[in-house]
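In our numbering, the protein residues as written are 6 to 170. Each residue gets a CB set at the ideal place from its N, CA and C atoms; glycine is no exception. Structure first, then comments.
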Amino acid sequence: MDFGKLDGLIPAVVQDRTSGEVLMVGFMNDAAWQITLDTGYVTFFSRTRNTLWTKGETSGNRLAVRQIFTDCDDDTVLVKVDREGDGNVCHTGQRSCFYTEVPVSGTRYPVPGTNSPDTGLRTPDTGEGVDEALESTQPMADGAGATAEDPADGNRQAADKKDPQ
Ligand SMILES: [Zn+2]
């Protein structure tokens, strides 16, 4: 592993082995990396506490290593795990640390509901989603795109109307 790019650290992406869900990202130094390999439990280096910590050592929610992949330039690892304990990886009690969606106004492919990871959270049942979906389709219907996109069709229809005369 190449620990030189981030002052002795490599990012470790932790993914649920069965669901594919990204659970958390932490950093490993060489010692944390070796402990992870030797014990089979994901161990990080805490930058804030300046110490090694095995994820779940106090909560019991340890991350049992099943597979590890290194990336193309050997400076990041992907760790596929099974979740132990109650299975909630984040210290907030969420299964994954990535439960906060950031709005992306410039997204090219806005597909409501499919760009959010399944966090196991209850979906607010307010009915607002339906209203938002209806509103979002109306500007498209009002646009001139439907007729402007295929001028050949328009010409054909105009010609058809003239024929009966
Ligand atoms: Zn977290």
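How far does the beta strand (DSSP E) with T56 in it extend, from its first residue to its last? 56-59
### Query
What residues match up with R88 in a beta bridge as DSSP calls it?
L68
Q.
Give the residues whose C-beta lies closer than 5 Å to at least one heavy atom of ligand 1, in chain order.
A. A Cβ closer than 5 Å to some heavy atom of ligand 1 marks a residue here, and those residues are C95, C102.
query = Skipping 5 residues on each side, what residues in its chain have a beta carbon closer than 7 Å to that of S51?
reply = Excluding residues up to 5 positions away in sequence, W58 lie with their Cβ nearer than 7 Å to the Cβ of S51 in the same chain.
Reduced DSSP secondary structure (H/G/I, E/B, other) of L42:
helix
**Message:** Checking the sheet assignment: what are the DSSP bridge partners for L83?
**Reply:** V18, F74
If I'm right that I15 touches T81 with Cβ under 8 Å, what's the distance once you round it to whole angstroms?
6 Å
* Measuring CA to CA, which of G65, G92, V107 is closest to Q20? -> G92
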